[in-house]
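Top line first, the protein sequences correspond to chains A and B. Each residue of the first sequence is one higher than the last, beginning at 1 in the working numbering. Each residue of the second sequence is one higher than the last, beginning at 1 in the working numbering. Quick reminder that beta carbons are idealized off the backbone N, C-alpha and C, glycines included.
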Amino acid sequence: EDQVTQSPEALRLQEGESSSLNCSYTVSGLRGLFWYRQDPGKGPEFLFTLYSAGEEKEKERLKATLTKKESFLHITAPKPEDSATYLCAVPFYGNNRLAFGKGNQVVVIP
Amino acid sequence: GAVVSQHPSRVICKSGTSVKIECRSLDFQATTMFWYRQFPKQSLMLMATSNEGSKATYEQGVEKDKFLINHASLTLSTLTVTSAHPEDSSFYICSASRFGDALAKNIQYFGAGTRLSVL
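Shown next as structure tokens:
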């Protein structure tokens, strides 16, 4: 059973068109939820970590929120340079390994 | 920042040869390093977890003798793909967690990845 599910798989946005990406998780005893950005042919770049329900983090046009069952990554007024795959991950219970979702591939059209 | 350097970025080799990939944490000491494999349009699949000075822990289905991991210091881990075959062609990525950073617990910082092509 998947521990992390991301939706939508792919998203095309017009520049300036705000949207949200969803990450739902099934692990118990959540010890953090992580968002990464990955560009084609590159390793993931750390964006945010959220540890408790209600927590929010912001970075430029990105804002991550967390509930007890899911996290959202809101992209406000995106620009073409926000085009990337956004990965969500949670630690396996009891150790520090990360389980990744399949990612949200975002394309922002000028 | 937390910079992880991975080398080489790309390698092409003949079938049957061995390839070594290095992963270094440049500005911090890494408690643990991880090795992932990623297929096109797929997410990261954890291959093994490496702790300095001890044997690596491999995920189910990953061949220990095929993918040799050495973690000789708190800043360096290596992955050697032994007797590589075309099916080993993939994108390999390493990551590292900071040592002793309670505020950043579990955060993994990734290298840029290595594209392996086995002919």
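Considering only residues of the same chain and omitting the five flanking positions on each side of residue i, which have a CB-CB separation below 7 Å?
{"i": "residue 80 (chain A)", "result": "15, 108, 110"}
{"i": "residue 39 (chain B)", "result": "90"}
{"i": "residue 85 (chain B)", "result": "15, 118"}
{"i": "residue 4 (chain A)", "result": "23, 25, 88, 89, 90, 99, 100, 101"}
{"i": "residue 44 (chain B)", "result": "36, 38, 93"}
What residues are listed by DSSP as bridge partners for residue i?
{"i": "residue 38 (chain B)", "result": "B:44, B:91"}
{"i": "residue 21 (chain B)", "result": "B:79"}
{"i": "residue 19 (chain A)", "result": "A:75"}
{"i": "residue 60 (chain B)", "result": "None; residue 60 (chain B) has no bridge partner."}
{"i": "residue 29 (chain B)", "result": "DSSP output for residue 29 (chain B) lists no bridge partner at all."}
{"i": "residue 26 (chain A)", "result": "Its beta-bridge partners do not exist; DSSP assigns none."}
{"i": "residue 33 (chain A)", "result": "A:50"}
{"i": "residue 38 (chain A)", "result": "A:85"}
{"i": "residue 92 (chain A)", "result": "Its beta-bridge partners do not exist; DSSP assigns none."}
Cutting at 6 Å between CB atoms, please list the residues of its own chain near residue i, excluding the five before and the five after it.
{"i": "residue 119 (chain B)", "result": "14"}
{"i": "residue 51 (chain B)", "result": "32"}
{"i": "residue 88 (chain B)", "result": "81, 118"}
{"i": "residue 56 (chain B)", "result": "48, 50, 69"}
{"i": "residue 28 (chain B)", "result": "2, 98"}
{"i": "residue 26 (chain B)", "result": "3, 5"}
I think residue i touches residue j, with their Cβ atoms under 8 Å apart; what is that distance to the nearest whole Å?
{"i": "residue 18 (chain A)", "j": "residue 77 (chain A)", "result": "6 Å"}
{"i": "residue 98 (chain A)", "j": "residue 108 (chain B)", "result": "6 Å"}
{"i": "residue 101 (chain A)", "j": "residue 38 (chain A)", "result": "Not confirmed; about 12 Å, so no contact."}
{"i": "residue 44 (chain A)", "j": "residue 34 (chain B)", "result": "Actually they are not in contact, since the Cβ atoms of residue 44 (chain A) and residue 34 (chain B) sit about 11 Å apart, beyond 8 Å."}
{"i": "residue 75 (chain B)", "j": "residue 37 (chain B)", "result": "Rounded, the Cβ-Cβ distance is 22 Å, inconsistent with contact."}
{"i": "residue 63 (chain A)", "j": "residue 74 (chain A)", "result": "4 Å"}
{"i": "residue 42 (chain A)", "j": "residue 53 (chain A)", "result": "Not quite, the Cβ-Cβ distance comes to about 31 Å (not below 8 Å), so this is no contact."}
In its own chain, which residues sit with a C-beta less than 8 Å from the C-beta of residue i, not counting the 5 before and 5 after it?
{"i": "residue 106 (chain B)", "result": "97"}
{"i": "residue 70 (chain A)", "result": "22, 23, 24, 25"}
{"i": "residue 55 (chain A)", "result": "65, 66"}
{"i": "residue 67 (chain B)", "result": "35, 47, 48, 58, 79, 80, 81, 82"}
Do residue i and the ligand GTP come close, with the Cβ less than 6 Å from some heavy atom?
{"i": "residue 92 (chain A)", "result": "This structure lacks the ligand GTP; in fact it carries no ligand of any kind."}
Open item on the list: Could you check whether the region 9-16 of chain A touches the region 98-107 of chain A, counting it as contact only if at least three pairs of C-beta atoms, one from each stretch, sit closer than 8 Å?
Closed with: By the Cβ test, the region 9-16 of chain A is in contact with the region 98-107 of chain A, since at least three Cβ pairs between them sit closer than 8 Å.
Open item on the list: Check whether the region 103-118 of chain B and the region 58-70 of chain B are in contact - that is, three or more C-beta pairs closer than 8 Å.
Closed with: Counting Cβ pairs under 8 Å, fewer than three are found: no touch.
TODO: Evaluate the contact criterion for the region 9-28 of chain B versus the region 23-38 of chain A: three or more CB pairs, one atom per stretch, below 8 Å.
DONE: The region 9-28 of chain B and the region 23-38 of chain A do not touch, with fewer than 3 CB-CB distances between them shorter than 8 Å.
- [ ] Go through the region 43-69 of chain A residue by residue and report every complete run of the beta strand (DSSP E) that reaches 3 residues or more, in order.
- [x] Within the region 43-69 of chain A, the runs of beta strand (DSSP E) at least 3 residues long that lie entirely inside it are, in chain order, 45-50, 56-59, 62-66.
Task: Any 3 or more C-beta pairs closer than 8 Å across the region 78-91 of chain B and the region 82-93 of chain A - done: The region 78-91 of chain B makes no contact with the region 82-93 of chain A; the number of CB pairs closer than 8 Å stays below 3.
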